[in-house]
Amino acid sequence: MSFIRTFFGDIKPEQLGFTYSHEHIVCRPPYWVEKGENDLLLDNKEASLKDVLDFKKHGGQTIVDATAVDYGRDVEAVAEIGKEAGIFIIGTAGFNKSFLWDAKIEEKVRKVIGPFDTYAQWIDHSSINELTEFVVKEIEEGLEGTSYKGGQVKFGTGYNRITPLEEKTIRAVARAHHETKAPVHSHTEVGTMALEQIEILKSEHSCNEEK
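The numbers in the working numbering rise by one with no breaks, and the one at position 42 of the sequence shown is 66.
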């Protein structure tokens with residue numbers, strides 16, 4: 025991808041300016057909602073707008089919102105903040121890590137991915153290629169059925185292990201990367217499993233070269 029895809033259109037790399045590379049602007053992660061961990065919810069739009077305006081005041085131009093579909097994102101609210109603050113927003117297609125996937129899927133997301141109860145059920149039921157198609161659609165058409173397109177593809181793993189479902193999403197994200205050329209965002213837990221992630225990515229790269 026020789027350009028950078030933002031909520032407000034594709035831009036040239038030199039337009040990025042000072043950039044925050046990993047933020048969560050507005051989100052209500054279902055897992056933390058169910059656990060009653062209100063301190064881990066970022067659902068006050070006005071407070072988030074204030075923070076983003078402060079970022080802009082100090083020279084900020086672009087924020088990468090790394091909130092994937094399984095982390096309770098509010099695409100419309102984030103887009104509104106970007107417009108009000110006058111900054112670029114780069115959205116995220118893909119997945120987080122597996123311990124979050126026991127949470128119930130919100131109704132607005134179920135309308136996009138189908139009648140599954142939990143994220144784990146959805147990922148387990150879907151093939152790697154079906155998950156790839158979902159990620160590609162979020163890059164090429166829009167996040168969660170909106171007109172705001174993702175600008176990177178993401179996967180994540182937990183502490184000291186990669187679960188079978190996490191490996192499935194890594195492979196799906198790798199394939200989506202090869203199809204769209206969108207950059208890859210990797211989440212590691214306390215720095216663990218990065219080398220193992222790379223091995224999975226390399227195996228997908230080899231498969232792609234053989235096609």
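By construction, the Cβ of each residue, glycine as well, lies at the ideal position given by its N, Cα and C atoms.
Local Cβ density within 10 Å of residue i, reported as buried at 16 or more and exposed below that
i: residue 81; result: exposed
i: residue 175; result: buried
i: residue 195; result: buried
i: residue 178; result: buried
i: residue 183; result: exposed
i: residue 224; result: buried
i: residue 190; result: buried
i: residue 221; result: buried
i: residue 162; result: buried
i: residue 38; result: exposed
i: residue 70; result: exposed
6 Å CB neighbourhood of residue i in its chain, flanking five on each side removed
i: residue 96; result: 51, 52, 53, 54
i: residue 44; result: 87
i: residue 124; result: 55, 94
i: residue 103; result: 31, 172
Distance CB(residue i)-CB(residue j) smaller than 8 Å
i: residue 121; j: residue 215; result: no
i: residue 142; j: residue 128; result: yes
i: residue 206; j: residue 212; result: no
i: residue 160; j: residue 198; result: no
i: residue 42; j: residue 35; result: no
i: residue 158; j: residue 137; result: yes
i: residue 84; j: residue 111; result: yes
From the options, residue whose alpha carbon lies closest to that of residue i
i: residue 106; options: 76, 124, 135, 94; result: 76
i: residue 32; options: 100, 184, 230, 178; result: 100
i: residue 170; options: 224, 58, 111, 115; result: 115
i: residue 29; options: 68, 186, 172; result: 172
i: residue 203; options: 165, 230, 156; result: 156
i: residue 145; options: 188, 113, 111; result: 188
i: residue 92; options: 61, 119, 226, 64; result: 119
Reduced DSSP category for residue i - H, G, I as helix; E, B as strand; rest coil
i: residue 88; result: strand
i: residue 52; result: coil
i: residue 64; result: helix
i: residue 127; result: coil
i: residue 140; result: coil
i: residue 171; result: coil
i: residue 94; result: helix
7 Å CB neighbourhood of residue i in its chain, flanking five on each side removed
i: residue 108; result: 73
i: residue 90; result: 46, 47, 48, 116, 178, 209
i: residue 98; result: 50, 51
i: residue 149; result: 140
i: residue 232; result: 202
i: residue 113; result: 30, 31, 87, 89, 102, 103, 106
Distance cut-off 7 Å: residue i Cβ against heavy atoms of the ligand SAM
i: residue 109; result: Among the ligands in the structure shown, none appear at all, so the ligand SAM cannot be discussed.
Same chain, Cβ closer than 8 Å to residue i, neighbours up to 5 away in sequence not counted
i: residue 58; result: 127, 128
i: residue 135; result: 169
i: residue 152; result: 192, 195, 196, 199
i: residue 130; result: 54, 96
i: residue 66; result: 48, 49, 50, 51, 52, 72
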